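Protein chains in written order, with my numbering: chain A, 8 to 176; chain B, 8 to 176.
First up is the structure itself, then whatever we jot down about it.
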DNA sequence: TATGGGACTTCCAGTCACTGGAGGTTCAAG
DNA sequence: CTTGAACCTCCAGTGACTGGAAGTCCCATA
């Protein structure tokens, strides 16, 4: 499969492979039209050609590029990394492959770290929830666990780090 | 341990348990001063008393409340849930305990779901990274895997859902 | 008492990756 | 020609902060 480059066709030139409205493109890629417009605004997608009335028109190149973007996003790559990967895909030299490998490895390491933290967190939450409580909140183990960090309620202080990277996939 | 309530003391009244500057409070709770101010702004913390010069002054009640907030955040409860938990902790009736249990259970379910998704994602990323590639990007397996969703590169389409809840702990 | 510098103040903008609404225009089917 | 769905732009909001600018205050030392 041809990996899409990011150069826009001259506005108005017909796209090989049929023309799509923004809604068509959105449907085919599992994206919302608003998101497609936003991708154009921030330069992830080249500006679309327009109809006489101003509606955006897309072709096969946009479709492929947007597929790539969405797929990379599903893997949790941030948009900056997706941009890099797209640039690498567009360059015909061999070094790009190693760079892509590095980006993917970094992502894998992140995911593994996240998994480790979430597992600790799950254990603590399960313990908290498992300890049934009854009566007034003064005796509630859940509320106590949240109020006291230092009284033996926590298995591990490591859960603290779970919020390190708030935007996570 | 007394669970903190959210009513501010009258401005200027001395706090039992010593007075803290915003920096002291931040240091003791592992928060940034900017975050403490922001918590006040959005109503998570009652307004602090002030010195004649306008500096914020905190006491034991603020410290306990902020500890509770930070601890709950470490568990990944969103601020809305933290607010609910604080309200529950402040109410002396027994029903609040069940409500707290419900909130914690919901969080546990989220974490477990997230773990499931991340495990699928890890497997796919590992496969992608493990398949070494050499030469031009046209042959790079990583870039191919991202470009082609439908050509057998994916173990599971489920990784798509990993981005469902972007703010995650 | 003066002074220096670190801690504090407010206000505002930015982060990330979108999402949603208002208010108006265009397109395609009937 | 009419209808109504889809499209357009612009702007604001999300969550949970973070950072900078420009100015003020506090306190320990000299």
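Here a beta-carbon is modelled for each residue, glycine too, at the ideal position from N, C-alpha and C.
Note that the coordinates shown come from a computational prediction; the quantities given were computed from them, not determined experimentally.
Check: Tell me where the alpha helix (DSSP H) around residue 94 of chain B begins and ends.; Outcome: 86-97
Check: Starting from residue 137 of chain A and walking both ways along the alpha helix (DSSP H), at which residues does that stretch end?; Outcome: 102-137
Check: Nearest to residue 109 of chain B by alpha carbon, out of B:49, B:89 and B:74?; Outcome: B:89
Check: Relative to the C-alpha of residue 39 of chain B, which residue among B:85, B:116, B:77 and B:113 is closest?; Outcome: B:77
Check: For the alpha helix (DSSP H) that contains residue 46 of chain B, what are its first and last residues?; Outcome: 40-48
Check: Would you identify the three-state DSSP class for residue 26 of chain B, choosing helix, strand or coil?; Outcome: coil
Check: What residues in the region 47-69 of chain B have a beta carbon less than 7 Å from any beta carbon of chain A?; Outcome: none
Check: Out of A:75, A:113, A:37 and A:60, point me to the one whose CA is closest to residue 4 of chain A's CA.; Outcome: Because residue 4 of chain A is not part of the residues shown, which for chain A are 8 to 176, the question remains open.
Check: Taking only the alpha-carbon atoms, compute the straight-line gap between residue 179 of chain B and residue 36 of chain B and give it to the nearest angstrom.; Outcome: The question about residue 179 of chain B has no answer here: the residues shown for chain B are numbered 8 through 176.
Check: Note down the Cα distance separating residue 118 of chain A from residue 31 of chain B, rounded to an integer number of angstroms.; Outcome: 35 Å
Check: Any C-beta of chain B sitting closer than 9 Å to the C-beta of residue 26 of chain A?; Outcome: no
Check: Do residue 104 of chain B and residue 29 of chain A count as a contact pair if the criterion is CB distance below 9 Å?; Outcome: no
Check: Please report how far the alpha carbon of residue 151 of chain B lies from the alpha carbon of residue 44 of chain A, in whole angstroms.; Outcome: 25 Å
Check: Using 10 angstroms around the beta-carbon of residue 49 of chain A, count the other beta-carbons present and answer buried if the total reaches 16, otherwise exposed.; Outcome: exposed
Check: Quick one: Cα of residue 63 of chain B to Cα of residue 26 of chain B, how far?; Outcome: 10 Å
Check: What does a CB cutoff of less than 6 Å around residue 111 of chain B pick up in its chain, not counting 5 residues either side in sequence?; Outcome: none
Check: If the cut-off is 7 Å on Cβ atoms, which residues from the region 81-97 of chain B count as contacting chain A, listed in chain order?; Outcome: 81, 82, 83, 92, 95 and 96
Check: Can you tell me the Cβ-Cβ gap for residue 92 of chain B and residue 153 of chain A, rounded? I've got them flagged as a contact below 8 Å.; Outcome: 6 Å
Check: In chain order, what residues of the same chain have a beta carbon less than 7 Å from the beta carbon of residue 79 of chain B, not counting five sequence neighbours either side?; Outcome: 89 and 92
Check: Is residue 122 of chain B closer than 9 Å to residue 136 of chain A when the C-beta atoms are compared?; Outcome: no
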